[in-house]
Amino acid sequence: MTNEDETHLNSLAVAHYVVGGFMVLFACIPLIHMTVGLVLILGGGEMVNSDGEMPPPFFGWLFFSAGLLFFLLGQAVAVSIILSGRYLKRRKNYLFSFVLACIACTSVPIGTVLGIFTIIVLSRESVKAIYESGRNLENQIQ
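Each residue of the sequence shown is one higher than the one before, counting from 1 in UniProt numbering.
Structure, rendered in structure tokens:
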């Protein structure tokens with residue numbers, strides 16, 4: 001266990017909190033699609049085509065359900081990243097944080113940077129030993 005590993009894990013935990021917070025904010029963008037879908041479902045108002053006809057309600061349901069799906073998925077990933085930061089801070093759930101770092105790599109560009117740095121730090125044998133010593137201590141307490 002080195003002081004450098006502890007510093008890196010603490011810095012990664014803070015970075016997870018920050019990135020997770022931004023992802024919560026950006027995951028709200030699909031709410032626009034949900035609103036458009038609701039407008040189409042509930043009557044459309046001024047949304048008529050050149051023939052003066054309303055679009056079919058199917059398009060409203062498509063917009064609404066796609067927006068809802070992406071909103072919920074984005075919020076789930078954002079909350080998971082924040083949770084991973086909490087686990088990094090407490091030195092628990094190594095596998096959860098490692099898998100989530102791999103998933104974060106798909107969020108270009110900030111998630112990719114965060115994911116790569118997290119994978120690099122968590123791949124060190126000294127960091128694995130920190131997590132193992134914490135797990136062994138919990139087993140002794142129980």
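Even glycine gets a Cβ: it sits at the ideal position worked out from N, Cα and C.
All figures in this text were calculated on a predicted structure; none of them were measured in a lab.
From the options, residue whose alpha carbon lies closest to that of residue i
| i | options | result |
| --- | --- | --- |
| I81 | S65, T112 and L69 | T112 |
| F117 | H8, N3, E4 and T2 | H8 |
| V99 | V108, I119 and P109 | I119 |
| Y87 | V39, T2, L122 and L38 | L122 |
| E6 | E132, S126 and R135 | S126 |
| E132 | N93, C102, C105 and A101 | N93 |
| M34 | D51, M54, P57 and F63 | F63 |
| I41 | S11, P55 and G134 | P55 |
| P109 | N10, N3, S11 and V19 | V19 |
Supposed contact pair residue j and residue i - C-beta distance, whole angstroms, cut 8 Å
| i | j | result |
| --- | --- | --- |
| F70 | P30 | 4 Å |
| A13 | K89 | 4 Å |
| G85 | A27 | Actually they do not touch by this definition, with Cβ atoms about 16 Å apart. |
| G21 | G67 | Contact flag wrong, Cβ pair sits at about 21 Å. |
Neighbour-count burial assignment, residue i, 16 or more Cβ in a 10 Å radius
| i | result |
| --- | --- |
| R91 | buried |
| L72 | exposed |
| G115 | buried |
| G43 | exposed |
| L95 | exposed |
| S65 | exposed |
| S97 | buried |
Cβ shell of residue i (< 8 Å), same chain only, five flanking positions each side left out
| i | result |
| --- | --- |
| M23 | G74, V77, A78, I81, S107 and G111 |
| R124 | D5 |
| I32 | G67 |
Residues of its chain near residue i, where Cβ-Cβ distance is below 7 Å and the 5 sequence neighbours each way are ignored
| i | result |
| --- | --- |
| G134 | R91 and K92 |
| C105 | G111, T112, G115 and I116 |
* Asked: Taking only runs of the alpha helix (DSSP H) that begin and end inside the segment 34-107, which ones reach a length of at least 4 residues, in chain order?
  -> 57-90 and 94-104
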